[in-house]
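Structure record follows, encoded as structure tokens.
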Amino acid sequence: MPIRLLFASSLLLILGCKDMITAPAKPEPFVPVLSLRPVAVKLGRGATQAFQAEINYLEGVRYLRQPVAWRVMETGGGTITAAGLYTAPDTPGTYHVQVRRDDFPEVTALATVVVK
Numbered sequence: 004m005p006i007r008l009l010f011a012s013s014l015l016l017i018l019g020c021k022d023m024i025t026a027p028a029k030p031e032p033f034v035p036v037l038s039l040r041p042v043a044v045k046l047g048r049g050a051t052q053a054f055q056a057e058i059n060y061l062e063g064v065r066y067l068r069q070p071v072a073w074r075v076m077e078t079g080g081g082t083i084t085a086a087g088l089y090t091a092p093d094t095p096g097t098y099h100v101q102v103r104r105d106d107f108p109e110v111t112a113l114a115t116v117v118v119k
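The sequence shown begins at 4 in this note's numbering and counts up one residue at a time.
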């Protein structure tokens, strides 16, 4: 008999506290962000411009280097280093520099470079 009373009282205690028990909140899904500065520049032939990318990181994750890759979209549109230093070509025109996240390749940003 004491076992039944203990069980019944425990059950009543649990049922009485049902409003106090809350499910843990679901964590917000991670949304990767990439920003690029500057987004538009005018340069002379052969001039250089440093581009800067900023990203957000997954909680608790750190990288040895910023996981981004740079490229000039147009063939002959100049060069860009892994650090984001762009060198304009000798041919005037409008060119585009793209930065892409290595960890989320679908996330990109684009800058326009006008070479005079």
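Where is the CB? At the ideal position from N, CA and C, for every residue including glycine. Being a predicted model, the structure only gives us computed values, none of them experimental.
Out of the options, state which residue places its alpha-carbon closest to the alpha-carbon of residue i.
{"i": "Arg40", "options": "Arg104, Pro108, Val100 and Met76", "result": "Val100"}
{"i": "Thr97", "options": "Gly49, Gly80, Pro70 and Leu67", "result": "Gly80"}
{"i": "Pro32", "options": "Ala56, Thr51, Glu62 and Ser38", "result": "Glu62"}
{"i": "Val34", "options": "Val117, Val116, Leu113 and Arg104", "result": "Arg104"}
{"i": "Thr78", "options": "Gln52, Leu67 and Thr94", "result": "Thr94"}
{"i": "Ala112", "options": "Tyr66, Val118 and Ala56", "result": "Ala56"}
So, at 6 Å on beta carbons, what are the nonlocal neighbours of residue i in its own chain, with the 5 sequence-adjacent residues on each side left out?
{"i": "Trp73", "result": "Ile83, Gly87 and Val102"}
Buried or exposed: where does residue i fall if 16 or more other Cβ atoms within 10 Å of its Cβ makes it buried?
{"i": "Phe54", "result": "buried"}
{"i": "Ala26", "result": "exposed"}
{"i": "Val71", "result": "buried"}
Worksheet item: Which runs of the alpha helix (DSSP H) fall wholly inside the segment 19 to 61 and span at least 4 residues, in chain order?
Response: The qualifying runs do not exist here; there are none.
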